[in-house]
Amino acid sequence: MSEGAAAWQVARAPAKVNLSLEVLARRADGYHELDTLMLCVDLADVLRARRVERPGLALRVGGAAAAGVPADERNLAWRAAQAVLARAQRRAGKLLGLELALEKHVPSGAGLGGASSDAAAAVLAAQAALECELARDEQQELLASLGSDCPFFLASPSGLARCTGRGERVEPLGRAPPAWWILLLTPDVSCPTAQVYSAVRPPLCRPAGLPSLGPQTLDLPAREARGGLFNGLEGAALRSVPGLRAWKDALSRCGAEHWKLSGSGSTFYGLHDDREEALAELDRLRAELGRSGLRPRLATAVRPAGRGAALVPPESGARA
Ligand code: C5P
16 MSEGAAAWQV ARAPAKVNLS LEVLARRADG YHELDTLMLC VDLADVLRAR RVERPGLALR
76 VGGAAAAGVP ADERNLAWRA AQAVLARAQR RAGKLLGLEL ALEKHVPSGA GLGGASSDAA
136 AAVLAAQAAL ECELARDEQQ ELLASLGSDC PFFLASPSGL ARCTGRGERV EPLGRAPPAW
196 WILLLTPDVS CPTAQVYSAV RPPLCRPAGL PSLGPQTLDL PAREARGGLF NGLEGAALRS
256 VPGLRAWKDA LSRCGAEHWK LSGSGSTFYG LHDDREEALA ELDRLRAELG RSGLRPRLAT
316 AVRPAGRGAA LVPPESGARA
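If you're matching positions, the sequence shown starts at 16 in the working numbering and goes up one per residue.
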């Protein structure tokens, strides 16, 4: 630790997938009214924060998925931490210094909520580093101002919630996460969220006859739960993002039609009941992608995280 710097406070920022996403209407403010069920998975960024002598905010970005991630005010983690820093400075009546180190593992522009989760983790780590706790509704208001799915990551301790409004109204589901294995495939194309939404013609509700994906469905074996997955944005993403269709076609060629897009994409995910079955499908898929000349940014198997963004207790030994 450098002179004048305090201990790092560490928070995990998990990725999410949308198990269901209905686009109910286009609103007067340009956003879309949603009804979505989101689940955190155990692929996560790590956000570290510590007090330093030099006043102001500094952010470093590293890790396997760091390419193209800004290390300034364009980064939602930076903006979240800056808001907490401003509050701490007002309380202290003087300028303070905060250093952030963001380790990226979650690909960006991928429908996995990485930047939004980083913002939630930044609130937690900055609060702890500056010993400046915001009230719960202030935290949620701050996060909602940064992005529609930011509040989910802080307001869903089990990492599972139904979100409505433009996505910022969170009803956490306090229950054990499903026992599934989840395969993630992130293409080498990014999906700009606004571009995908602008190609949407709501309402895009789950078709009549498709089983509802209520909390009880989460106890079903993956094979049965697959039938209830729905993403109203998938058609718009395939239409509006050049290159995405080739990945969907590659999934179909290896019998993985059950895979769904997460959020506005570009990540596709598939549910499985057991690890061997999941890994065998991932191997088939990798071989097919290789034959087609498609290089994924990420192709991996994960589990439900069982939590949203959270501070890592100091004794668990996460090192900066
Ligand atoms: O809220 P967020 O900054 O993530 O939204 C990015 C863009 O996605 C918005 O500017 C809007 O165009 C679109 N969006 C939307 N309806 C939502 C969420 C996002 O139209 N519920």
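Backbone N, C-alpha and C fix where the C-beta goes; we use that ideal spot for every residue, glycine too.
Contact belief for residue i with residue j at Cβ below 8 Å, rounded distance in angstroms
i      : j      : result
GLY182 : ASP164 : 5 Å
PRO319 : LEU54  : 6 Å
ALA64  : ALA135 : Not really, about 13 Å apart at Cβ, beyond 8 Å.
LEU326 : GLN24  : 7 Å
ALA314 : ARG322 : Not really, about 24 Å apart at Cβ, beyond 8 Å.
LEU158 : ALA95  : 7 Å
PRO166 : VAL185 : 5 Å
GLY187 : ALA170 : Sequence inspection shows Pro at residue 187; the Gly mentioned does not correspond to that position. Contact flag correct, Cβ pair sits at about 6 Å.
CYS206 : GLY280 : 4 Å
Bounding residues of the alpha helix (DSSP H) (the contiguous stretch that carries residue i)
i      : result
VAL215 : Careful: VAL215 lies outside any alpha helix (DSSP H) and carries neither H nor E.
TRP195 : Looking at the DSSP string, TRP195 is not in any alpha helix (DSSP H), and its letter there is neither H nor E.
GLY129 : 129–145
GLY250 : 249–255
LEU158 : 151–161
PRO166 : 165–170
ALA240 : 237–240
Extent of the continuous beta strand (DSSP E) run through residue i
i      : result
SER35  : 24–41
PRO187 : 184–187
LEU313 : 313–317
LEU175 : 175–180
Proximity winner among the options, relative to residue i (alpha-carbon distances)
i      : options                           : result
VAL61  : LEU100, VAL67 and LEU115          : LEU115
LEU127 : PRO329, HIS273 and VAL317         : VAL317
GLU146 : ASP152, LEU161 and LEU111         : LEU111
LEU219 : ALA293, GLU249, ALA324 and ARG105 : GLU249
GLY278 : ALA293, ALA214 and ALA252         : ALA252
GLU88  : ARG102, LEU72 and ALA103          : LEU72
LEU244 : ALA125, SER227 and ALA103         : SER227
GLY247 : ALA28, PRO172 and VAL38           : VAL38
PRO192 : GLN231, ALA170, VAL76 and ARG216  : GLN231
ALA30  : ARG102, ILE197, ALA271 and ALA107 : ILE197
LEU240 : PHE283, HIS273 and TYR46          : Reading off the sequence shown, one finds Ala at residue 240, where the question assumed Leu. Closest option to ALA240, Cα to Cα, is HIS273.
ALA324 : ALA20, ALA26, ARG216 and ALA21    : ALA26
ALA271 : ALA144, GLN210, CYS206 and GLY242 : GLY242
GLU153 : PHE168, VAL99, CYS206 and ARG106  : VAL99
THR282 : ALA21, ALA43 and ARG312           : ARG312
THR208 : SER173, LEU276 and ALA143         : LEU276
heavy atom of the ligand FAD below 7 Å from residue i C-beta
i      : result
GLY270 : Summarising the ligand content, the structure contains the ligand C5P and does not contain the ligand FAD.
Taking 8 Å as the cut-off, does the region 111–120 touch the region 201–211 (at least 3 CB pairs, one atom from each stretch)? no
Between the region 122–140 and the region 172–181, are three or more C-beta pairs nearer than 8 Å? no
Suppose only complete runs of 3+ residues qualify. What are the beta strand (DSSP E) ranges in the region 45–117, listed by chain order? 47–67 and 71–77
Touch test, the region 226–240 against the region 260–268, Cβ-Cβ under 8 Å, three pairs minimum: no
When you compare the region 30–47 with the region 74–88, are there three or more beta-carbon pairs, one atom per stretch, that lie closer than 8 Å? no
If you pair each beta-carbon of the region 302–311 with each one of the region 204–224, do three or more pairs fall below 8 Å? no
Segments of 4+ residues assigned as alpha helix (DSSP H) that fall wholly inside the region 255–328: 259–268 and 290–307
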